[in-house]
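Residue numbers (the working numbering), protein chains in the order written: chain B, 310 to 941; chain V, 310 to 941; chain Y, 310 to 941.
In what follows, a structure is listed as structure tokens, so that the remarks can point back to it.
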Amino acid sequence: MNRALGVCYYPEHWPEEMWAQDAAEMVAAGISWVRIGEFAWSRIEPEPGQFAFDWLDRAIDVLSRAGLKIVLGTPTCTPPRWMLERFPDMLAVDAQGHPRGFGSRRHYCFSHAGYRRASGEIAEVLGDRYGRDGRVHAWQIDNEYGCHDTILSYSEAARDAFRSWLAERYGTIDALNEAWGNVFWSMEYRSFDEIDLPNLTVTQPNPSHELAFRRFSSDQVVAYHEVQVAALRAHTDAPLIHNYMGRVLDFDHFEVGASIDIASWDSYPIGFLSDRLDGSAEHKARYLQQGDPDMQAFHHDLYRAVGRDGRWWVMEQQPGPVNWAPHNPAPLPGMVRLWSWEAFAHGAEVVSYFRWRQAPFAQEQMHAGLKRPDNAPAPGLAEAAQVGREIAEMPQIALQQAPVALIFDYPSDWAWATLPQGEDFSYFRLMLDAYRALRRCGFSIDILPSTVTDLSAYALVLAPGLATVPDALQEALAQTVALVGPRSNAVTEELRIPIPMGPALRGLDVTATRVESLPPHVTRAVIGGGTVQHWVEDLDGTAETLLQAETGQAVLKGNRRLQYLGAWPDADLWERIIHGLAKEAGLTVLTLPEGLRLRDTATHRFAFNYGPDLVEFQGKTIRSADVSWWGI
Amino acid sequence: MNRALGVCYYPEHWPEEMWAQDAAEMVAAGISWVRIGEFAWSRIEPEPGQFAFDWLDRAIDVLSRAGLKIVLGTPTCTPPRWMLERFPDMLAVDAQGHPRGFGSRRHYCFSHAGYRRASGEIAEVLGDRYGRDGRVHAWQIDNEYGCHDTILSYSEAARDAFRSWLAERYGTIDALNEAWGNVFWSMEYRSFDEIDLPNLTVTQPNPSHELAFRRFSSDQVVAYHEVQVAALRAHTDAPLIHNYMGRVLDFDHFEVGASIDIASWDSYPIGFLSDRLDGSAEHKARYLQQGDPDMQAFHHDLYRAVGRDGRWWVMEQQPGPVNWAPHNPAPLPGMVRLWSWEAFAHGAEVVSYFRWRQAPFAQEQMHAGLKRPDNAPAPGLAEAAQVGREIAEMPQIALQQAPVALIFDYPSDWAWATLPQGEDFSYFRLMLDAYRALRRCGFSIDILPSTVTDLSAYALVLAPGLATVPDALQEALAQTVALVGPRSNAVTEELRIPIPMGPALRGLDVTATRVESLPPHVTRAVIGGGTVQHWVEDLDGTAETLLQAETGQAVLKGNRRLQYLGAWPDADLWERIIHGLAKEAGLTVLTLPEGLRLRDTATHRFAFNYGPDLVEFQGKTIRSADVSWWGI
Amino acid sequence: MNRALGVCYYPEHWPEEMWAQDAAEMVAAGISWVRIGEFAWSRIEPEPGQFAFDWLDRAIDVLSRAGLKIVLGTPTCTPPRWMLERFPDMLAVDAQGHPRGFGSRRHYCFSHAGYRRASGEIAEVLGDRYGRDGRVHAWQIDNEYGCHDTILSYSEAARDAFRSWLAERYGTIDALNEAWGNVFWSMEYRSFDEIDLPNLTVTQPNPSHELAFRRFSSDQVVAYHEVQVAALRAHTDAPLIHNYMGRVLDFDHFEVGASIDIASWDSYPIGFLSDRLDGSAEHKARYLQQGDPDMQAFHHDLYRAVGRDGRWWVMEQQPGPVNWAPHNPAPLPGMVRLWSWEAFAHGAEVVSYFRWRQAPFAQEQMHAGLKRPDNAPAPGLAEAAQVGREIAEMPQIALQQAPVALIFDYPSDWAWATLPQGEDFSYFRLMLDAYRALRRCGFSIDILPSTVTDLSAYALVLAPGLATVPDALQEALAQTVALVGPRSNAVTEELRIPIPMGPALRGLDVTATRVESLPPHVTRAVIGGGTVQHWVEDLDGTAETLLQAETGQAVLKGNRRLQYLGAWPDADLWERIIHGLAKEAGLTVLTLPEGLRLRDTATHRFAFNYGPDLVEFQGKTIRSADVSWWGI
């Protein structure tokens, strides 16, 4: 397994005379990859059809001559202002009906045919020029699909495309009416042209309507993306990459990932803790300058699954304070190194810092780089350089399949966002809770899509919140010890309650006959320890009751190999449940100090101390914000 | 007094082969009424002018042959999609100017003349067909006027109708300018056509303008409603009903109720606690699975006043967890029975559960029914059946007039919503506080409109928050012991301060010379116990000061028969005040265990234990979520 | 120095037969000024071009004959309804794109050329009629620019004017692109006509774009204002006044003030505490009926700087509960007098109460006056009359320059509102914290604009949060002991990070190399006492470290004369810092009881007890809500 460092660089932001020195310093810091170009459309094509490649040619020349491998980005997330003259209706429209205008980025609707074509054209032009250029070692398509809530667009282009998509999916309007249950509230349509987008209704729209719109919206991203893939594939054999943004769930990353070679993601641990994570004030204060101890690993494991053959990168790694979260503290000294190593331990080929030098202008002027705006080194640079030295010196880390797997499914997030039943029900939170519980027991984890059909290599598999459990997955679950639920196999793909009611798992007679959502701070005690919260099901069926609430409700039912969990556990109850499952699966559970997390490769055990205090573990002393590894 | 059970049923949602079995099971559970049809317009009239009555005929046939009496609903709250082609401008418009589109329900503006006419036409068609059909024993008009915040519409239709309404009300524009005080801030108009709706102004509009718009909006509901009443009256002698929704105050229910025969309301105790009630976190946790102990009774007493000759039903009774509140826990076992009996004790003729069977599709798929989506019985069914047996076995319950009355007035809610003075001032909360205080003292209560002119049968009458006290009511108050205030008779019907200033009650020299609104958690102690909060008036005048705050402010002034309350009491102070009034009125105050509530009929005392614990009262032991009754 | 009382009066609101009695009572209360006319456009010009001056003539006659001096207002903040027929597009547009309609006040866009002209015309008409009328002693132009968030307008008029303003400022589009760093995210424009207003973008717009729009918007107010100034100057020599609203920062008051003679402001201490101040719940409860102890003094000192030659008034003084804050308690007895005296102690020429009599109609019917709606005296009247007697009896109060100055800069507020970095970063809060800290040490303070060039008369000057420190100010700071920072000289006037990075103060080698924003409740301890919060910089450079956080970060660096503060202190740390600076400056620090504040004139020391308890200070006993003064 290769390991390398990279960096994001914007030659167009800096005087040309700085480029060579920048490149030399990158190399000196152990950096071997540099991503460029993804926001530079106005410099590449300043007027429609008039291209200016001279500066880009020179930048590529300077960088590659210093020894750097180039990732070239297609600039389609930042169409220039003139594009709006070509396509005045290309803008996405928000749920309130406002066009989302020019002046920042991502100002396009994925459904707009003209802009989709124009995106293919610029990819084609770039591919034509640089596709066979040996200095360009990889390509990034667009940038952070879905960032700034840009997947769902309520434009006319989206509406028209949605109608076509529905006609394609359902064939006849009667089939759609039947599938959605439109008889309810007289919502029946007489033709596809009567169907509007599901915004600005009096009260909530039909959830089947809304889920269809979410499936459509994800499909539009895939279709948009594949236009660029096709344009580039015609010209290059270099790997194609997209950089996903953390906790963006509005489109199916597995489907976008299917047509490209490498998955990458943009990892901003401290920004995410402030902006994108639930959690108690105490938890957020404890990890303020480190980030949540499981958020990064979760995404690493996710993108290892999204990437073809498990290939994945961190394309943007937070190097210091960012600018976009509600509050932006600095990483503790050591965290930039810790995050980098954590990515490598989870199998990243490249960790690429964003960005080389903090720009002194525009939206991200308060976003740290490895260098300060005045070109002095920022604190992150020394940590990156240390990682650079360490990866050069360290022997190969052979990855291995993890003993435990967690099923992650984008449409389940859409289903529960559409039909939450409790206003704070969050698929992502449920998944992160489950993932965290496994990690606190010391496990390394593989994340798998719900399309997986072979689980025989896993000792234990968890599938919480999986809206619909595919038949093939149900079969595969029989190959291992499995925990399903809560809220799994609870709806059909049309977001209806199935008859017979779920979970109705193969080989397990359990029915969730009724559900309750509970407000925060309401808990129900479970006999023997721990509580349930947020979500509680009434479980019926002949399967044995393994755990029971003090209310008498069954919380866990099943047998030694397959168990269904009918409620949302707190951390203590998760621990009890996992201990029980691990025993059945023949796995050893570890007791970790708070804030410590492990990752095992075939050759090494890595230990990451996210907590504020020094800890002792397996004879090692690990300081706060430090990583340790040893052979196993 | 009759007592019966009913259920809401949607034959159009289910295969026709299930209908007969459903009907038989209803009857077996003691149900004798079934409401159908109110959302079925797209099945009754699939294309404009093309009616499909065959299925409805068969449904009526099957249900009535099983012994069920039918309530037939007009489907005007769910106009089909094709109606929008006829009337593209029929949609209500929200305060931000967005049309509230098709895709859920209630997507119409009450002021739209075309849709109003179309509503009368469908009522006419249904009346023509079923008005003399002896199997249809009652009619429901529309469904839950005002649900989803649908009374106030800022459409062009509303604007034009508002101008006409204003011209009618004021005669000349000068009279309007004078009435509203438009000289303030140069808001004077030269013609009615210059007047816009009071939304999207720079800062708050003239409160007189806003109150006029609220009066107009209520009148539009009444006018809309009466079109259907007239259409049905021409064809049927069966009673006409509307089902009001809990805590919907944006139109005058007394005025809608005046033209029909029976008031009914939709009672969702646990949904209301989560979604529509103020209250401490502790209170909400204590009653999480029971609902607020006074919310249902309040509405029962209110709709007994709204219904002609006191006739009222619960048209929709929560049978299990609902889907629409922020969180949706299940009722404690026993609560469905408790709620049902509480309605009967307050005089309901029918308690009708919503709905027979949980639909496995569309918006309410997570809303419990008496039966599960898979047709197994849900927990509520057995409780309903128990009630069915009990009402069959129990002797008649003769209602009696209560000893205590509370005046409830919709325009007062509009006035204080328009001119709150403290952002959390809520007429409804004040009323519920007063009602709760009376109930905690053991009283049964009648709610009366502000138009009442004879109070001689009451020992005690309360009129808090009554914006304007009509002359006739002031006279009537002299017939009894009365408590008026706080914030009563404080404004004119045009929402101006009267000169002389209020309350200026007949026979009581009290003037509220100044008011204060206080933020939450700020209280002022009252000498002798209790505190005031939220709202404090400075009271002047020769009337005796009966209670005084430690600040020196008079809190209660008056004599043995008529007292004015100048502040918002906490629960302890309410208790003191009511004890004092009861003594003057010759009423006996009881001390109830927390969570217990009583209701006395002429023949029986009913006791409802909303609390989580078993209580002892008058020699009876009453379990949590249980009801007990005994002869008196 | 003169001291006088005034009152705001609306003859058009009252029967003409009340005017003479009103005037007599004003004079009896010691009032000598009366402001009229500023909302009366619909009465002055009921139809376009048809003027009705008779009533105004008579009002002026009655008032002046009673001995009152008149301030006449131009009514341009309340254009009549007919103005919208002339200029349908004159309305401001909010950030969501909604025109802000007729029906309250301030419904105009400062950029609308037609309305700007019409405003000049009505000023011209009034000036022509009353400019040489000796009874009109002063003029007020418009009313509370910016109240109700009315400075930023997203109208077409604003867009077009913005483009012209940009062309004027930058000359070429290339210069603008370079200045804003539009290469970032391909935001480059090809012409000024491509530039839209910075609203409704996908994510945040370029901060340089947004700051330019804020500068433009302030300039539009100035230009609008100067049209009226010019119209009036042609006709009158009486002083021109504008009444600014508290904590309205969206335009540059110094620039508006430059063309007129007297600054005035509208002081609503209790409304501000509820509505416009940050602060703990405990702080807000403690000062609920008094107002924040520093908010009024801050504005007094600010408007002494805004007014030409230091001339300033309180044009509107809260006399009792107001109507517009979230909650509206009454002032403690004594506060109306205390506020009045505090204004005089800070140099006000006139304190004018708003309003004479509470209007019983329209938006402000719940806003107290000196008289009740029924014409009885309200509690504030007696306090005003007491002040009237006291100012008549008291010897002259000679003002003196304060020993300490604080630099206040409107563009800094715009810069940090545009680029907060921490979502709760507030320039105003930082300024008020610094001001409060100085006041708690007993200092009287002068507020100065950032354009000041001579500080030699001050012993100590503070400049926190000053986005860009002008060269001339840097020179002036060398004349005194000065504290700069936090977040001072951190950006250029185009809102970019300067290279070399700031603060880079003349004579002090300090660079803020990195910044952190911290969530509320996160603090970092400083060695020796106190904490930093909200905002922490990493300081580098050779200047001596004077204070250090326990993290090792330098908090204060500098020498005995010039210090840079790199973090936001809590109250204890502010006290330490000011003690240190005062020692260097040769100033004596006092220890004040909580809630007590001082103001020294050349002749007297005034002490204001805002706290709820009696305090002892320098041998004096001062009751809550009382003011005391003695010669010094």
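Every residue, glycine too, gets a C-beta built ideally from N, C-alpha and C.
- Minimum Cα-Cα distance from Y/P320 among the listed residues Y/N637, Y/R666, Y/V530 corresponds to Y/R666.
- Contacts with chain Y (Cβ-Cβ distance below 9 Å) from the stretch 630-658 of chain B involve P630, N632, W633, A634, P635, H636, N637, P638, A639, listed in chain order.
- For V/E625, the pairing in a beta bridge is given by DSSP as V/D575.
- Looking from the CA of V/E673, the closest CA among B/Q730, B/R312, B/S583, B/G940 belongs to B/Q730.
- For the stretch 495-510 of chain B, the residues whose beta carbon sits under 7 Å from a beta carbon of chain V are, in order, S495, M496, E497, Y498, R499, E503, D505, P507, L509, T510.
- Within the stretch 313-327 of chain B, contact with chain Y at the beta-carbon level (separation under 7 Å) is assigned to E321, H322.
- Per DSSP, reduced to three states, the secondary structure at Y/M392 is helical.
- One Cα belongs to B/S826, the other to B/R748, and the distance between them is close to 27 Å.
- By the neighbour-count definition (other C-beta atoms within 10 Å, threshold 16), Y/I836 is an exposed residue.
- Using a Cβ-Cβ distance cut-off of 8 Å, the stretch 616-628 of chain B and the stretch 646-664 of chain B are in contact, since at least three pairs of beta carbons, one from each stretch, lie closer than that value.
- Chain-ordered, the chain B residues with CB closer than 9 Å to the CB of Y/Q405 read Q405, H407.
- Across the stretch 440-462 of chain Y, no CB contact with chain B closer than 7 Å is found for any residue.
- Taking a cut-off of 8 Å for Cβ pairs, the stretch 352-362 of chain V and the stretch 696-713 of chain V do not touch, as fewer than three such pairs fall below it.
- Of the candidates B/P355, B/W633, B/L896, the residue whose Cα lies closest to the Cα of B/A714 is B/L896.
- With a cutoff of 8 Å on beta-carbon distance, V/G455 and V/F560 are scored as near each other.
- For B/Q674, the nearest beta carbon of chain Y is closer than 8 Å to its own beta carbon.
- Residues are counted here when their Cβ sits less than 9 Å from a Cβ of chain B; for the stretch 696-728 of chain Y these are L728, given in chain order.
- At a beta-carbon threshold of 9 Å, the residues of chain V lying near B/V824 are P630, N637, A639, M675, ordered along the chain.
- Around the beta-carbon of B/N311, fewer than 16 other beta-carbon atoms lie within 10 Å, marking it exposed.
- For V/I941, the number of other beta carbons within 10 angstroms of its own is below 16, and it is reported as exposed.
- Y/P828 has a beta carbon lying within less than 8 Å of a beta carbon in chain B.
- Counting only residues of its own chain and dropping the five nearest sequence neighbours on each side, Y/R374 has no CB closer than 7 Å to any other CB.
- Annotated as proximal: V/Y719 and V/H562, with beta-carbon spacing under 8 Å.
- Close to B/M335, with beta-carbon spacing below 8 Å, lies no residue of chain V; the smallest spacing is near 50 Å.
- Closer than 8 Å to the CB of V/I808 there is at least one CB belonging to chain Y.
- The beta carbon of V/V790 sits no closer than 8 Å to any beta carbon of chain Y.
- Among the residues of chain V, those whose CB is under 7 Å from the CB of Y/H416 are V511, following chain order.
- Put simply, the backbone Cα of B/A547 is about 59 Å away from that of V/A590.
- Counting C-beta pairs closer than 8 Å gives fewer than three between the stretch 327-345 of chain B and the stretch 401-411 of chain B, which falls short of the contact rule.
- Per DSSP, reduced to three states, the secondary structure at Y/P408 is strand.
- For B/P516, the residues of chain V that pass the 8 Å Cβ criterion are A671, Q672, Q674, in the order they occur in the chain.
- For Y/L905 and Y/A852, the gap between their C-alpha atoms comes out near 37 Å.
- Looking only at V/A634, V/T912, V/R823, the smallest Cα-Cα distance to Y/P682 is reached by V/R823.
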